[in-house]
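Working notes for the structure below.
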């Protein structure tokens, strides 16, 4: 068994997982999850995990915030959006003045997506409750969430059956 050492994945994220396992997860992710953004309900991006650098998370989070406000006042909560030009879907979870948006391919299995997103947003709020209440928006404060998001993504990929137990050894 390969020794676990911190390695760099997706140009920023460090995880204490074997290098081979990381490569497998990275290849699987490219086919399914394109990014995860946590922002305030005002649209200010606090945290992002971006697999596809072509996605303008700052603009999309502002758009989602505006749509959420519009939806709340007019049509109800917006949970899912499809953007045909980019061939991506967005899953939107809102709690505690925060919005978690998952960017993914339309053909991705959506089972457990909401469950894992809620778990992720709850963990983020619990971990950063004080800086959130102090209205701190410096993204560097929230980068330590990388470890949790890697575990959540790994668990999700395992649940939908694209990451096998043998890949995790």
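In my numbering, the protein residues as written are 29 to 197.
For every residue, glycine included, the Cβ atom is placed at its ideal position computed from N, Cα and C.
Please read all numbers here as calculations on a predicted model, not as lab measurements.
If we ignore side chains and look at the alpha-carbon of each, how far apart do residue i and residue j end up?
i: residue 62; j: residue 116; result: 8 Å
i: residue 126; j: residue 174; result: 17 Å
i: residue 124; j: residue 71; result: 14 Å
i: residue 155; j: residue 77; result: 17 Å
i: residue 151; j: residue 112; result: 31 Å
i: residue 89; j: residue 66; result: 8 Å
i: residue 85; j: residue 106; result: 18 Å
i: residue 171; j: residue 91; result: 23 Å
i: residue 120; j: residue 93; result: 10 Å
i: residue 74; j: residue 114; result: 23 Å
i: residue 158; j: residue 169; result: 11 Å
i: residue 133; j: residue 98; result: 25 Å
i: residue 178; j: residue 163; result: 25 Å
i: residue 108; j: residue 118; result: 5 Å
i: residue 55; j: residue 180; result: 16 Å
Which class does residue i belong to by DSSP, given the choice of helix, strand or coil?
i: residue 76; result: strand
i: residue 186; result: helix
i: residue 97; result: helix
i: residue 126; result: strand
i: residue 137; result: coil
i: residue 181; result: helix
i: residue 191; result: coil
i: residue 163; result: coil
i: residue 156; result: coil
i: residue 52; result: helix
i: residue 83; result: coil
Using DSSP bridges, identify the partner residues of residue i.
i: residue 118; result: 109 and 131
i: residue 63; result: 78 and 131
i: residue 68; result: 126
With distance defined between alpha-carbon atoms, name the residue in the options nearest to residue i.
i: residue 182; options: 159, 170, 172 and 148; result: 148
i: residue 122; options: 82, 96 and 60; result: 96
i: residue 68; options: 165, 54, 136 and 55; result: 165
i: residue 135; options: 54, 53 and 59; result: 59
i: residue 184; options: 83, 98 and 146; result: 146
i: residue 142; options: 162, 153 and 129; result: 129
i: residue 176; options: 192, 153 and 191; result: 153
i: residue 139; options: 190, 167, 52 and 81; result: 190
i: residue 82; options: 55, 160, 51 and 131; result: 131
i: residue 188; options: 144, 161 and 79; result: 144
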